[in-house]
Amino acid sequence: MKTVIGNDITSAAAFLQAGELVAIPTETVYGLAANALNEDAVLKIYAAKNRPQFNPLIMHVASFEQAKQYIKDISAEAELLAAAFWPGPLTMLFNKQQNVPDLVTAGSKRVAIRVPNHPLTLQLLSQINFPVAAPSANPSGYVSPTTAQHVYEGLQDKIPYILDGGACGVGVESTIVGWNEDIELVLYRLGGIAVEAIEKVIGKEIKHHQKITDNPNTPGQLKSHYATNTPLYLGNIDELLLQFAGKKIILINFNHYHSSVPKEQQFILSANGSKEEAAKNLFRVLREADQLQADVILAEYLPEEGLGRAVNDRLERAQHSMKS
Ligand code: TXA
Ligand code: MG
C-alpha cells in the first residue's frame with residue numbers, strides 16, 4: 001500500500017469511514033487513527049504498530065458533549081478538568097458505556113478519552129460521526145512521532161494516509177488521569193498538562209500516582225517504550241562522561257553545552273531553559289541523536305517541575321534497561 005501525505009480532511013474522513021487507518025496530527029504527538037466503533041478497523045491499528053492487544057487505546061472525540069455518548073459516572077472534578085483543558089493534552093479515564101468495543105479498552109470497563117487540540121483534527125472529528133481510537137503513530141516501542149515525516153519513517157506502506165498538520169506544538173503525550181473508588185484523582189501518566197495546573201483546577205494536591213506502562217501484564221518482558229536504538233543513559237552528565245570515556249557519545253542537554261565534548265555531538269533541548277520548548281523538541285532530538293549512530297546517548301534531567309516532569313519521565317522510559 002502506498003502511503004500518501006497530504007492535508008485533505010475530506011480524504012482523511014473518507015479513509016476512516018471506509019475502515020482504514022489515518023495518521024492524524026494532534027498538539028501532543030501524531031496519532032494512528034481508526035473508527036473506534038469498527039473492530040476490524042481497530043484491529044488494523046494493533047497490526048500496523050505491532051502493538052500487543054492487551055494495551056488499550058485512547059478514544060478521541062470532537063467535544064465533551066460527544067464524549068458523553070460513550071462514558072458514564074462523570075465526577076465533578078472531571079467536569080472541571082474538561083472545562084479547563086479540553087480541547088487539550090489531557091486524557092481522562094471513565095467507566096465506558098456498552099457502545100465502546102472491548103478491543104479499544106483491552107477488556108477494561110474504563111475507556112481513556114480526550115479532545116485533541118489541533119485545528120485539522122478537530123475539523124476532521126467534526127466531519128465524521130464516530131470517535132477515533134488513536135495511539136501514538138509509531139511502531140510499538142519506538143519514539144513517538146511529532147511530524148508527518150516521523151510517521152512516514154515508521155509506518156510507510158502500512159497505512160494509506162497521513163494528515164500533515166505540521167510539527168506538534170506540545171511534543172509529549174497527554175497527561176492521563178482517572179478516579180479511584182473513593183472518587184479521588186489518580187495520575188497515571190505525566191504529559192502535556194502540568195500536574196500543578198491540574199491541582200490548581202481541582203483545588204487540591206494529587207495524592208495518588210500510579211504509573212502506567214504499555215506492558216502492564218508482563219513487566220520487564222517487552223522492550224521499554226520510547227526506546228532509541230542507540231542505548232540511552234540518563235543522569236549527571238559529568239559522571240556519565242567518566243563512565244563512558246572512550247566511547248562515541250552524543251549528549252542531550254537541557255539548556256547548555258558541555259565544554260569537554262565537541263558541539264557536533266551535542267543537542268540542546270531549549271537554549272533559554274524553557275521546559276515547554278524542551279518538551280516540544282524532545283522526540284525530534286531523540287530521533288536525530290539516534291541517527292548519528294553513536295555508542296551511547298547521554299541525557300540529563302530537567303528541573304522536576306511543570307513539563308520538566310513529563311520530559312524526565314520520557315527520558316527514564318527511553319533509558320537502556322529492561323527493568324520496566
Ligand atoms: O497524547 C496522546 O495521548 C497521544 C495522542 C495521539 O492522543 N496518544 C497516546 O496513545 O499517547 P498511546 O496509546 O501511545 O498511549 C496511551 C496510554 C497507553 O499507555 C495505554 O496503556 C493507556 O494510555 N490507556 C489507554 N486506554 C486505557 C484504559 N482504558 N485504561 C488504562 N490505560 C489506558
Ligand atoms: Mg505511545
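Counting from 1, one number per residue, gives the positions in the sequence shown under the UniProt record's numbering.
The C-beta atom is built at its ideal place from N, Cα and C for all residues, glycine as well.
None of the values given here were measured: they were computed from a predicted structure.
Bounding residues of the alpha helix (DSSP H) (the contiguous stretch that carries Y257): Counting from one through the sequence shown, the residue named residue 257 turns up at place 257. Run containing Y257: none; DSSP gives neither H nor E here.
Of the residues S260, M92, A78 and L124, the one placed nearest L57, counting alpha carbons only: Start at 1 with the first residue of the sequence shown, and residue 57 comes out as number 57. Ranking S260, M92, A78 and L124 by Cα distance to L57 puts M92 first.
Start-to-end residues for the beta strand (DSSP E) that takes in N95: Locating residue 95 in the sequence shown gives position 95, counting from the first residue. Where N95 is concerned, the enclosing beta strand (DSSP E) stretches over L90 to K96.
Of the listed residues D313, R314, G6 and Y301, nearest to Y152 (C-alpha basis): Here residue 152 corresponds to residue number 152 of the sequence shown, with the count starting at 1. When each option's Cα is compared against that of Y152, the closest is G6.
Pair within 7 Å by beta-carbon distance, G191 and S174: As a working mapping, residue 191 is identified with position 191 in the sequence shown. As a working mapping, residue 174 is identified with position 174 in the sequence shown. Cβ distance < 7 Å, so G191 and S174 count as in contact.
Continuous alpha helix (DSSP H) assignments of at least 4 residues falling wholly in the segment 262-324: 275-291 and 308-318
Same chain only: Cβ atoms within 6 Å of Q127, ignoring 5 sequence neighbours per side: Position 127 of the sequence shown, counting from 1, holds the residue named residue 127. Correct list, in chain order: A13.
Beta carbon of E39 nearer than 7 Å to that of P101: Sequence index remark: in the sequence shown, residue 39 carries index 39 (1-based). Sequence index remark: in the sequence shown, residue 101 carries index 101 (1-based). The answer is yes: Cβ separation under 7 Å.
Heavy atom of the ligand TXA within 6 Å of S140 beta-carbon: Counting from one through the sequence shown, the residue named residue 140 turns up at place 140. No, Cβ of S140 sits at least 6 Å from all heavy atoms of the ligand TXA.
L124 - containing alpha helix (DSSP H), residue span: Here residue 124 refers to the residue found at position 124 when the sequence shown is read from its first residue. Residues P119 to Q127.
Whole-angstrom C-beta distance between D214 and N55, which should lie under 8 Å: Counted from its first residue, the sequence shown places residue 55 at position 55. Counted from its first residue, the sequence shown places residue 214 at position 214. That belief holds up - the Cβ atoms of N55 and D214 are roughly 5 Å apart, short of 8 Å.
For I162, the residue or residues it bridges with in DSSP: In the sequence shown, counting from the first residue as 1, residue 162 sits at position 162. I5 and A23.
Whether K280 touches G141 by CB criterion (7 Å): Looking up residue 280 in the sequence shown gives position 280. Looking up residue 141 in the sequence shown gives position 141. Not closer than 7 Å, so no.
One or two residues paired with K72 in a DSSP bridge: Taking the first residue of the sequence shown as position 1, residue 72 is located at position 72. According to DSSP, K72 bridges with N95.
Check whether Y30 and P145 have beta carbons under 7 Å apart: Along the sequence shown, one-based indexing puts residue 30 at 30. Along the sequence shown, one-based indexing puts residue 145 at 145. Yes.
Cutoff 6 Å; reference P231; Cβ partners in own chain excluding five residues on either side: Locating residue 231 in the sequence shown gives position 231, counting from the first residue. Hits under 6 Å: V296 and H320.
Inter-residue Cα distance where the pair is A62 and Q123: Mapped onto the sequence shown, residue 62 falls at position 62. Mapped onto the sequence shown, residue 123 falls at position 123. Approximately 8 Å, taken between the alpha carbons.
beta-carbon E173 near the ligand TXA non-hydrogen atom, thresh 6 Å: What you label residue 173 is simply residue 173 of the sequence shown in a count that begins at 1. The answer is yes for E173.
Where the alpha helix (DSSP H) through A245 begins and ends: As a first step, residue 245 must be located in the sequence shown, where it is residue number 245. Neither: A245 is in no alpha helix (DSSP H) and is coded neither H nor E.
Euclidean distance between Cα positions of Q221 and L234: Taking the sequence shown and counting its residues from 1, the one referred to as residue 221 is at position 221. Taking the sequence shown and counting its residues from 1, the one referred to as residue 234 is at position 234. Low per-residue confidence applies at Q221: pLDDT is 46, beneath 50, and the placement is therefore not dependable, though the value from the model is reported in the following sentence. Their Cα atoms are separated by approximately 21 Å.
Own chain, CB closer than 8 Å to S260, minus 5 neighbours either side, in chain order: In the sequence shown, the residue the question calls residue 260 occupies position 260. Cβ neighbours of S260 beyond the five flanking positions: L241.
Candidates V42, P135 and F94, of which the one nearest P25 by Cα: If you number the sequence shown from 1, residue 25 lands on position 25. The shortest Cα separation from P25 among V42, P135 and F94 belongs to P135.
Sequence-distant residues of its chain with Cβ nearer than 8 Å to T218 (five each side left out): In the sequence shown, counting from the first residue as 1, residue 218 sits at position 218. Confidence in T218 is poor, its pLDDT being 48 and thus under 50, which makes the residue's placement unreliable; the coordinate value appears in the next sentence. Within the same chain, T218 has no close Cβ partners at all.
Chain-order list of residues whose beta-carbon lies under 7 Å from that of F85 (same chain, five-residue window excluded): Counting from one through the sequence shown, the residue named residue 85 turns up at place 85. I193.
Close beta carbons around K158, own chain, < 6 Å, minus the five adjacent residues each side: Taking the sequence shown and counting its residues from 1, the one referred to as residue 158 is at position 158. Result list for K158: A48, in chain order.
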